[in-house]
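Worksheet: the structure to be examined is printed underneath.
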Amino acid sequence: MAAIRVHDLNYTYPDGTAALRNVSFVIEEGESVALVGPNGAGKSTLLLHLNGILHSTESREAVEILSETVDPKKVHKMPKKIGIVFQNPDDMLFMPLLGDDVAFGPINLGVAKEEVKRRVKDSLDLVGLAGYEERVSHHLSGGEKKRAAIATVLSMEPEIIALDEPTANLDPKSRAELIDILRRLKGAGKTLIIITHDVNAIPELADRVIVLDKTVVADGTTREVFSDTETLLAAGLEVPTIMQFFEVLQAFGYPCDVLPLSVEGAARNLTQTMEEGAGHIHLHLHEHTHREVNSALGKYRHHHRIAADSGHP
Amino acid sequence: MISEIDRYAGLSSPIHRWDPRLRIVSILALIFSVVLLYNLTLVTIGMIFSIILVYLSKIPFSFVLDRLKLVFVLVLPFFLIIPFTTMGTDTGVEIARFYGITLSYRGIEAVGFAAMIVLKALTSVMLIFPMIGTSRMDITIKALEGLHLPNKLVQMFAFTYRYIFVLDDEFVRTERSLASRGFKRRGDLYTLTTVSKAIAMLFVKSYERADRVFYAMRSKGYSGKVVTLHEFDSGRQDWINAIAVFGFAVLLQVAAMSGAFSIYGGI
Chain A
8 MAAIRVHDLN
18 YTYPDGTAAL
28 RNVSFVIEEG
38 ESVALVGPNG
48 AGKSTLLLHL
58 NGILHSTESR
68 EAVEILSETV
78 DPKKVHKMPK
88 KIGIVFQNPD
98 DMLFMPLLGD
108 DVAFGPINLG
118 VAKEEVKRRV
128 KDSLDLVGLA
138 GYEERVSHHL
148 SGGEKKRAAI
158 ATVLSMEPEI
168 IALDEPTANL
178 DPKSRAELID
188 ILRRLKGAGK
198 TLIIITHDVN
208 AIPELADRVI
218 VLDKTVVADG
228 TTREVFSDTE
238 TLLAAGLEVP
248 TIMQFFEVLQ
258 AFGYPCDVLP
268 LSVEGAARNL
278 TQTMEEGAGH
288 IHLHLHEHTH
298 REVNSALGKY
308 RHHHRIAADS
318 GHP
Chain B
24 MISEIDRYAG
34 LSSPIHRWDP
44 RLRIVSILAL
54 IFSVVLLYNL
64 TLVTIGMIFS
74 IILVYLSKIP
84 FSFVLDRLKL
94 VFVLVLPFFL
104 IIPFTTMGTD
114 TGVEIARFYG
124 ITLSYRGIEA
134 VGFAAMIVLK
144 ALTSVMLIFP
154 MIGTSRMDIT
164 IKALEGLHLP
174 NKLVQMFAFT
184 YRYIFVLDDE
194 FVRTERSLAS
204 RGFKRRGDLY
214 TLTTVSKAIA
224 MLFVKSYERA
234 DRVFYAMRSK
244 GYSGKVVTLH
254 EFDSGRQDWI
264 NAIAVFGFAV
274 LLQVAAMSGA
284 FSIYGGI
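Here it is as structure tokens:
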């Protein structure tokens, strides 16, 4: 069954700017999809359409969640199906205590008191904030707030979880913890749609990538989309660092048909190549190597327009 | 930073242990009772009782006095205004007259009246400390919810409390950003326009934040009412406290009506 079906969605901001144009895609249940795109591409706007908070008269029945058309009048019934984690956790943690925030959703859904208590505990446990019920959210660290915001959505036990830049503005440890939480949700069979600029995290989190730039410009498996460098660059995006590095290695003669996307993939790739090469890897430096290295380096480089415009030589 | 009224909520005292619902209602009754008095002696008695309550709550007097200073500055002018503006026609005795301002015996009597106003103001503000300074703000908000105050009012209170610190932080950031680009507060028009623009931006940002928070609330099933889980229970001691404080409030009013302690009669 399709978890999310968006068909020909258009949305214009009140000031007349087009935010979304003919957006269409289908996400199956249990899929984990990264939604990437430049700033101002309409990613967050799209997210708010998924539970009917934003809606436009021009595309009234454009969004279906779990085979049911999203009705803007029934937004308060949506959390059972889809939970949205906003980009800024301060917007999500609006109650006096963290426990109240986590209990807020289930109480609104009419869940019984004892069950609410259980869900609050379980959700906080799951994001590694066990025993934080009585904490004041204003005093939490950035990483804790991000995880807390996820807990407030988990407690509603939605089938689908949509997250807006979950790993943004986090220190490496917090980022790793957050990726771990998302992987566990993925493992538990939740349907995930994750907005992110963190290309290095995508291979770990998503099986599929949708590139949005007001409209869907690319949609495919993570590998397919990352292989389409031109489209990515045109949308102002990039590919994982490890992939770029292996392309440079290729210029040095490293035999590699399929570029690894993550560090784990790279380790596997190197092991395999060494096993095939009797414990060795052969790299070489020919006349044409420099040209190829430069070409590989230049491939992912965005034009430095600001420097060019400033008039300096 | 905004100083927090519930800074001493973590202490342990009979007032802290008192069920917040009963505590709020009883002390609020006392505040009203004191404010409605028109008798200096009774107001003084009320004040002494309030000081005892603050003492029992273990909230440091320095903390309370620090905040009472501001109230005192606000009500101090009464000492100057009332004696000179009370007409002396009643007794007809005028002591002095300068530039149209007269000082009469009646005016000197009115110093007592001014003192009463000042004491009432100080007492009612002082009582706020044992009333809401003895439990964490979130518990107080839940107590208001438990007292069946209109839900909209409780929500307004809760959101104000939740976001006032966020706004304060935001303003501190704006100030730092101004300072780091060479802005210095002076007494000129430039300072005034810059600060007002910064405050205007704060309003715009708050408005947008309010939008986002509302979206987040709607995404979590909000449909107009905020309910939290919290159980209060009031035992025998809670009721004894309530009867003591509420009873004292009533006693003050009875004493006032009986005319005892009445010094100024009509005032």
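Chains as they are written, first to last, in my numbering: chain A, 8 to 320; chain B, 24 to 290.
Using N, Cα and C, we set each Cβ at its ideal position, and we do this for glycine too.
Since residue i and residue j are thought to touch, with beta carbons under 8 Å apart, how far apart are those beta carbons, to the nearest angstrom?
| i | j | result |
| --- | --- | --- |
| Met149(B) | Val87(B) | 6 Å |
| Ala242(A) | Gly44(A) | 6 Å |
| Glu140(A) | Leu105(A) | 6 Å |
| Phe194(B) | Leu215(B) | Wrong, their Cβ atoms sit about 16 Å apart, outside the cutoff. |
| Pro86(A) | Lys248(B) | Contact doesn't hold; Cβ gap of about 15 Å is too wide. |
| Thr228(A) | Asp214(A) | 6 Å |
| Val70(A) | His56(A) | 6 Å |
| Arg88(A) | Ile72(A) | Looking at the sequence itself, residue 88(A) is Lys, so the reference to Arg does not match. About 5 Å; that satisfies the 8 Å criterion. |
| Asp98(A) | Arg241(B) | Actually they are not in contact, since the Cβ atoms of Asp98(A) and Arg241(B) sit about 12 Å apart, beyond 8 Å. |
| Gly117(A) | Pro165(A) | Contact flag wrong, Cβ pair sits at about 15 Å. |
| Asp15(A) | Ser66(A) | 6 Å |
| Ile249(A) | Ser269(A) | 6 Å |
Please name the residue in the options whose C-alpha comes closest to that of residue i.
| i | options | result |
| --- | --- | --- |
| Leu93(B) | Phe72(B), Ser80(B) and Leu145(B) | Leu145(B) |
| Arg12(A) | Thr76(A), Phe111(A) and Arg28(A) | Thr76(A) |
| Ile4(B) | Arg235(B), Leu34(B) and Asp42(B) | This structure leaves residue 4(B) out entirely; chain B is present only between 24 and 290. |
| Gly282(B) | Phe101(B), Ala137(B), Asn62(B) and Ile28(B) | Asn62(B) |
| Leu131(A) | His146(A), Asp108(A) and Ile114(A) | Asp108(A) |
| Phe204(B) | Val250(B), Asp211(B), Thr217(B) and Asp192(B) | It is Arg, not Phe, that sits at residue 204(B) in the sequence shown. Answer by Cα proximity: Thr217(B). |
| Arg196(B) | Val250(B), Val273(B) and Ile222(B) | Ile222(B) |
| Glu254(B) | Ile187(B), Ser229(B) and Glu168(B) | Glu168(B) |
| Asp264(A) | Val270(A), Leu54(A), Arg230(A) and Ala41(A) | Arg230(A) |
| Phe52(B) | Phe269(B), Arg259(B), Leu176(B) and Ile151(B) | Per the sequence shown, the amino acid found at residue 52(B) is Ala instead of Phe. It is Phe269(B). |
| Ile288(A) | Ala158(A), Asn276(A) and Asn176(A) | Asn276(A) |
| Ala273(A) | Ala285(A), Phe253(A), Leu290(A) and His291(A) | Phe253(A) |
| Lys175(B) | Ala272(B), Ser246(B) and Leu103(B) | Ser246(B) |
| Ile151(B) | Gln260(B), Leu59(B), Leu91(B) and Leu60(B) | Leu91(B) |
| Tyr238(B) | His146(A), Asn29(A), Pro79(A) and Glu122(A) | Pro79(A) |
| Val250(B) | Phe93(A), Ala119(A), Arg28(A) and Leu27(A) | Ala119(A) |
| Gln178(B) | Glu271(A), Phe101(A) and Gly135(A) | Phe101(A) |
| Leu252(B) | His145(A), Gly112(A) and Glu282(A) | Gly112(A) |
Let's test the definition: count the other Cβ atoms within 10 Å of the Cβ of residue i and tell me whether it reaches 16, buried, or not, exposed.
| i | result |
| --- | --- |
| Phe107(B) | exposed |
| His295(A) | exposed |
| Val96(B) | exposed |
| Gly289(B) | Note that Gly289(B) scores a pLDDT of 43, beneath 50, so its modelled location is shaky; the value from the coordinates is reported in the next line. Under this definition Gly289(B) is an exposed residue. |
| Pro267(A) | buried |
| Ser219(B) | exposed |
| Ile217(A) | buried |
| Met280(B) | exposed |
| Met163(A) | buried |
| Tyr213(B) | exposed |
| Leu304(A) | exposed |
| Phe55(B) | exposed |
| Ser35(B) | exposed |
| Ile82(B) | buried |
| Glu172(A) | buried |
| Glu245(A) | buried |
| Thr19(A) | exposed |
| Gly59(A) | buried |
| Ile71(B) | exposed |
| Tyr78(B) | exposed |
| Asn264(B) | buried |
| Ser317(A) | Low confidence applies here, because Ser317(A) scores a pLDDT of 48, under 50, leaving its location unreliable; read the following figure in that light. By the 10 Å Cβ count, Ser317(A) comes out exposed. |
| Arg154(A) | buried |
(message) Using a Cβ distance threshold of 8 Å, determine whether the segment 31 to 39 of chain A contacts the segment 189 to 201 of chain A, with at least three qualifying pairs required.
(response) yes
(request) Check each residue of the segment 157 to 178 of chain B: if its Cβ is closer than 7 Å to any Cβ of chain A, include it; give the result in chain order. (result) Met160, Asp161 and Ile164
(message) With a threshold of 8 Å, are at least 3 pairs of Cβ atoms found where one atom belongs to the segment 157 to 177 of chain B and the other to the segment 132 to 139 of chain B?
(response) no
(request) Anything in the segment 74 to 85 of chain A with a Cβ closer than 9 Å to a Cβ of chain B? List those residues in chain order, please. (result) From the segment 74 to 85 of chain A, only Val82, His83, Lys84 and Met85 have a Cβ closer than 9 Å to chain B.
(request) Compile a chain-ordered list of the residues in the segment 26 to 41 of chain A whose CB is closer than 8 Å to at least one CB of chain B. (result) none
(request) Decide yes or no for the touch test of the segment 177 to 193 of chain A against the segment 202 to 220 of chain A: beta carbon pairs closer than 8 Å, at least 3 of them. (result) yes
(request) Report the residues of the segment 248 to 265 of chain B with a CB closer than 8 Å to any CB of chain A, ordered along the chain. (result) Val249, Val250, Thr251 and Leu252
(message) For the segment 229 to 248 of chain B, list every residue whose C-beta sits within 8 Å of some C-beta in chain A, in sequence order.
(response) Arg232, Arg235, Val236, Tyr238, Ala239, Met240, Arg241, Ser242, Lys243, Gly244, Tyr245 and Ser246
(message) So if I threshold CB-CB distances at 8 Å, which residues from the segment 151 to 170 of chain A count as touching chain B?
(response) Thr159, Val160 and Met163
(message) So if I threshold CB-CB distances at 8 Å, which residues from the segment 107 to 140 of chain A count as touching chain B?
(response) Asp107, Ala110, Phe111, Gly112, Ile114, Asn115, Leu116, Lys120, Val123 and Lys124
(request) Using a Cβ-Cβ cut-off of less than 8 Å, list which residues of the segment 292 to 306 of chain A approach chain B; keep chain order. (result) none
(message) At a CB distance below 8 Å, what residues from the segment 177 to 188 of chain A approach chain B? Give them in sequence order.
(response) none
(request) Please determine if the segment 175 to 182 of chain A and the segment 143 to 158 of chain A are in contact, where contact requires at least 3 C-beta pairs separated by less than 8 Å. (result) yes
(message) Give me the subset of the segment 37 to 69 of chain A whose CB atoms are less than 7 Å from a CB atom of chain B, sorted by chain position.
(response) Leu55, Asn58 and Ile60
(request) Could you name the residues of the segment 185 to 213 of chain B whose beta carbon sits closer than 7 Å to any beta carbon of chain A, in the order they occur along the chain? (result) Flagged, chain order: Arg185, Phe188 and Val189.
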